[in-house]
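Residue numbers (this note's numbering): 19 to 253. Ideal Cβ placement from N, Cα and C applies to all residues, glycine included. Keep in mind it's a predicted model, so treat the numbers as computed, not measured.
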Amino acid sequence: GQKYTFEQEFGIPEYRLWSIENPELYTLFVQLVDGKKVLDEVTETFGIRTIEFSTEKGFLLNGESVLLKGSCMHHDNGPLGSAAFDAAEFRRVKIMKENGFNAIRSAHNPPSKAFLDACDQLGMLVMDEAFDMWQVPKKPQDYHLYFDEWWKKDLESMVLRDRNHPSIIIWSVGNEIKERADSSGLEIFQNLRAKVLEVDKTRPVTQAICGFWETPGRPWEDSEPAFAQMDVHGY
19 GQKYTFEQEF
29 GIPEYRLWSI
39 ENPELYTLFV
49 QLVDGKKVLD
59 EVTETFGIRT
69 IEFSTEKGFL
79 LNGESVLLKG
89 SCMHHDNGPL
99 GSAAFDAAEF
109 RRVKIMKENG
119 FNAIRSAHNP
129 PSKAFLDACD
139 QLGMLVMDEA
149 FDMWQVPKKP
159 QDYHLYFDEW
169 WKKDLESMVL
179 RDRNHPSIII
189 WSVGNEIKER
199 ADSSGLEIFQ
209 NLRAKVLEVD
219 KTRPVTQAIC
229 GFWETPGRPW
239 EDSEPAFAQM
249 DVHGY
């Protein structure tokens, strides 16, 4: 009935790096055993690569500068609706790759596991995005009703589920948030960023900042404090 955390280190001889051109993947199989009895087991796919964001060189993948050619992609799938079918998710990513894209931003909620698996397999970089609103609503029945109670659990769940995908290079915690530049929004972003980094310190945290569409006439300069908090600026 108690909880323990175990760490195990091992090497992979002559490993091959995951990249856009050659998305090399490995499979990790873990068993928890008591004597000869298997209590639990899990299979996890991962890739080996390095990422870095530099003001001088831009985005670096495995030490090489890569120009991100990206698009925002919503979760719905045409006449199939919002259900995630493995083949349909793979098809979407494949079409994007064949048309010259190398990066996709999930807009504006966590994508399906099948979608991220396809990005891993095809060599597509991903900005994984959590929320489309925080406390201030965009629609009467949207996530603002549940944000205060659920953001910690939902955000941690997303990062824990997704952090072994080599395709993911950025976490986004908000899209066109109404309170982004207010004192409440600045505090919320700090809390969201801290929660992400608590679970994964290997990627930067951002949000999508836009002009003040909800308060016409408010100067763009007012968004400066929000940009100052982000690891990579998202506009």
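Residue i in three-state terms, based on DSSP
i	result
residue 124	strand
residue 91	strand
residue 215	helix
residue 66	coil
residue 161	helix
residue 43	coil
residue 76	strand
residue 32	coil
residue 131	helix
residue 205	helix
residue 25	coil
residue 139	helix
residue 19	coil
residue 239	helix
residue 96	helix
Alpha carbon of residue i to alpha carbon of residue j, nearest angstrom
i	j	result
residue 170	residue 127	15 Å
residue 161	residue 243	25 Å
residue 93	residue 150	13 Å
residue 55	residue 48	14 Å
residue 112	residue 202	40 Å
residue 52	residue 43	30 Å
residue 206	residue 187	22 Å
residue 235	residue 96	36 Å
residue 34	residue 41	9 Å
residue 241	residue 212	20 Å
residue 190	residue 221	10 Å
residue 121	residue 138	11 Å
residue 185	residue 79	11 Å
residue 228	residue 252	9 Å
residue 28	residue 124	33 Å
residue 131	residue 23	25 Å
residue 74	residue 37	21 Å
residue 219	residue 192	18 Å
residue 215	residue 148	14 Å
Residues that residue i bridges to, as DSSP identifies them
i	result
residue 146	189
residue 71	77
residue 59	49
For residue i, the first and last residue of its enclosing alpha helix (DSSP H)
i	result
residue 165	165-180
residue 242	242-246
residue 225	Here residue 225 belongs to no alpha helix (DSSP H); instead the beta strand (DSSP E) covers 223-226.
Start-to-end residues for the beta strand (DSSP E) that takes in residue i
i	result
residue 107	It is not in any beta strand (DSSP E) - residue 107 instead sits in the alpha helix (DSSP H) that spans 104-116.
residue 82	82-84
Cutoff 9 Å: residue i Cβ touching any chain C Cβ
i	result
residue 242	No chain C is present in this structure, which holds just one protein chain.
Closer than 8 Å: residue i CB and nearest the ligand ADP heavy atom
i	result
residue 126	No copy of the ligand ADP occurs in the structure displayed, which carries no ligand at all.
Segment contact flag, the region 98-105 with the region 57-69, C-beta cutoff 8 Å, min 3 pairs: Between the region 98-105 and the region 57-69 there are fewer than three inter-stretch CB-CB distances shorter than 8 Å, so the stretches are not counted as touching.
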